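Numbering (mature numbering (1 follows the signal peptide of the UniProt record, and there is no 0)), first residue to last: -24 to -1, 1 to 414.
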């Protein structure tokens, strides 16, 4: 397999790796809020009402009551996180107090003093309930002494991007991140919702922490929240600073950030964007990407835009709270339209399939392929992403490739990846057994 692709894969392998690096593991409402009118009445924009100058951060200051309210509650059955956090039907999370109980149990399970004066990342994949959940978690974070919360614009951060923000932004000052995602599971009021915690190193919480969260969830009697904190306009990038009405000093801050900025910068440091841009300009290359209406879409537009890919080649890249009514799991069943476009299930309308294809589930499945036409081997890829941009499927023109095969191609050409070269080369590999086909 690797030998047959040798002529082209040396140049394509870095792009394969770029598509695969999204591995790691959109906007609704659970409860309405009146924050907009409150903000419009009390918020003043430093630097003018028309926004800050280029390169400056807008600051929105609001006077609030910072009084902590303790709400009596009782345990919900089954709040036991798995390896990918807690996943339940959306209707379960919509129960009054359900989300609050879990967040309180999580905060109580963190080391003493972990949250006091800390920066916390809170965002998700944009599925139904995401935006309202972000607001609740911010208010609870304020009650537990968190000084600042970083939230991606519109409440969006993919799992890999959230990990990147935790590790990289301002030198890695964040203590961790609450990520709202149910991966490739469907979204909507009758579908699924999920929540997980990534620790200071950007990785998922260890079992010891998730076990303690569960134990505390079975004994919880109250949760703490700053009920007087208004909802934040998550579409407005900048620092939303809340000043205590009694003391006048800043009490809490929610900074709405560009969800793609840190992640794209990280990718540019790992891969040779100039070489990839040259590859994609070749007359024998063509590309299509499908974001499956998940959070991967904004990242695809930012990264492929930087590589010179036209917008019309990027399909379904606007996140939707129900993933466009589809199932954002990147496989030949749920990505049937793209499989057909790539020639896997018949000849697509309009002639030959694209040479290079990519799409994302928002999560982490990876497949790759090649074109075998009249004895000619050339790269043809299709990647399909899940809802939270850490799973993807890549297939080629009329060809489906397992993750372990694509891993072999990347490994064979690891020298073409600048970051690996700086580390002295490839030192170890790991493959996903469930997706390797044996």
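Where a beta carbon is used, it is the ideal one built from N, C-alpha and C, also for glycine.
Model, not experiment: these values are computed from the prediction.
Out of 330, 72, 208 and 292, state which residue places its alpha-carbon closest to the alpha-carbon of residue 261. For residue 261, the closest of 330, 72, 208 and 292 by C-alpha to C-alpha distance is 330.
Quick check on this structure: which residue in 109, 134 and 158 has the alpha carbon closest to the alpha carbon of residue 74? Sorting 109, 134 and 158 by C-alpha distance to the C-alpha of residue 74 places 109 at the top.
Compare the Cα-Cα distances from residue 45 to each of 88, 202 and 98 and report the closest residue. The residue with the shortest Cα to Cα distance from residue 45 is 202.
Proximity test, residue 238 beta-carbon vs the ligand PLP heavy atom, cut-off 8 Å: No copy of the ligand PLP occurs in the structure displayed, which carries no ligand at all.
Pair within 9 Å by beta-carbon distance, residue 270 and residue 304: Closer than 9 Å, so yes.
Ignoring anything shorter than 3 residues or poking outside the segment 45 to 71, list the beta strand (DSSP E) runs there in chain order. Within the segment 45 to 71, the complete beta strand (DSSP E) segments at least 3 residues long are 45 to 48 and 62 to 65, listed from N- to C-terminus.
Expressed to the nearest angstrom, what Euclidean distance is found between the alpha-carbon atoms of residue 148 and residue 176? About 8 Å.
Taking the alpha carbon of residue 101 as the point to measure from, which residue in 135, 117, 81 and 84 has its own alpha carbon closest? Selected option, being the one with the closest Cα: 135.
Within 10 Å of its beta-carbon, does residue 250 have 16 or more other beta-carbons around it, so buried, or fewer, so exposed? Answer is exposed; the Cβ neighbour count stays below 16.
contact_flag[the segment 208 to 215, the segment 187 to 200] where n(CB pairs < 8 Å) is 3 or more: The segment 208 to 215, when compared against the segment 187 to 200, does not touch it at the 8 Å Cβ threshold.
With a threshold of 16 other CB atoms inside 10 Å of the CB of residue 286, please say whether the residue is buried or exposed. Around the beta carbon of residue 286, fewer than 16 other beta carbons sit within 10 angstroms, so the residue counts as exposed.
Give every residue of the same chain whose Cβ lies closer than 7 Å to the Cβ of residue 119, excluding the five residues on either side of it in the sequence, and list them in chain order. Taken in chain order, the residues that qualify are 44, 200, 201 and 202.
Spatially closest choice to residue 57 from 219, 256 and 169, by CA coordinates: Residue 169 is the option with its Cα nearest to residue 57.
Taking just the CA atoms, how far does residue 246 sit from residue 40? Taken atom to atom, the span from the alpha-carbon of residue 40 to that of residue 246 is near 43 Å.
Does the count of Cβ pairs from the segment 151 to 167 and the segment 54 to 70 closer than 8 Å reach three? Yes: the two stretches touch, three or more of their Cβ pairs being nearer than 8 Å.
From residue 112 to residue 164, what distance separates their C-alpha atoms? Distance from the CA atom of residue 112 to the CA atom of residue 164, rounded to whole angstroms, is 19 Å.
Name the DSSP bridge partner or partners of residue 99? Within the DSSP bridge table, the entry for residue 99 names 155 as partners.
Which partner residues does residue 197 have in the DSSP bridge list? DSSP lists no partner for residue 197.
Would you mind stating whether residue 284 and residue 256 have Cβ atoms separated by less than 9 Å? Yes. Within cutoff.
State buried or exposed for residue 267, treating a residue as buried only when at least 16 other CB atoms are found within 10 Å of its CB. Looking at its Cβ environment, which holds 16 or more other Cβ atoms inside 10 Å, residue 267 is buried.
When the Cα atoms are used, what is the spatial distance from residue 181 to residue 323? Approximately 46 Å between the Cα atoms of the pair.
Backbone secondary structure at residue 222 - three-state DSSP: Of the three classes helix, strand and coil, the one that applies to residue 222 here is coil, per DSSP.
Straight-line CA distance for residue 227 to residue 42? Taking the straight line from one Cα to the other gives about 7 Å.
Does residue 236 pass the burial test, meaning 16 or more other C-beta atoms within 10 Å, or should it be called exposed? The residue is buried, with at least 16 neighbouring Cβ atoms inside 10 Å.
Beta-ladder partner(s) of residue 229, from DSSP: Answer by DSSP bridge pairing, in chain order: 124 and 217.
Close-in-space but distant-in-sequence residues of the same chain around residue 390 (CB under 7 Å, 5 per side omitted): Contacts found: 396, 401 and 402.
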